[in-house]
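Take a look at the structure set out below.
Residue numbers (the numbering used here): 435 to 530.
Right, here's the structure in full:
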């Protein structure tokens, strides 16, 4: 199970980064951001993490892959918290 996750996760990160770049204007409007630069930075970070994941899997560095996976889970948690806070602030600003 974890082996399949190691092989699929870098590809999913790359797809998610492409999604962020492709739909950054819609996401900027949805999250009520003033500039889309933060979305581009997050997408580039995800691309670099995907590249690192591909390299670690290619060289079969198991311990480094586990550390990479743990850091990736932390990053996704922080991103989810940021989106939650942005949507919460947007909802409070739209109430009379």
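Just so it is clear, CB atoms sit at the ideal spot from N, CA and C, and this is done for glycine as well.
DSSP places residue 494 outside both helix and strand once states are collapsed to three, so it counts as coil. Pairing residue 511 with residue 528, the inter-Cα distance amounts to about 26 Å.
Cβ atoms of residue 506 and residue 483 come within 8 Å of each other, at about 6 Å. In this structure, 463 is the residue among 463, 488 and 436 with its C-alpha nearest to the C-alpha of residue 524.
A Cβ-Cβ separation of about 5 Å places residue 480 in contact with residue 447 under the 8 Å criterion. If you draw a straight line from the Cα of residue 493 to the Cα of residue 499, it comes to about 10 Å. By the CB criterion at 8 Å, residue 465 and residue 520 fall inside the cutoff.
Residues 477 of the same chain have their beta carbon placed closer than 6 Å to that of residue 455, with the five preceding and five following residues left out of the count.
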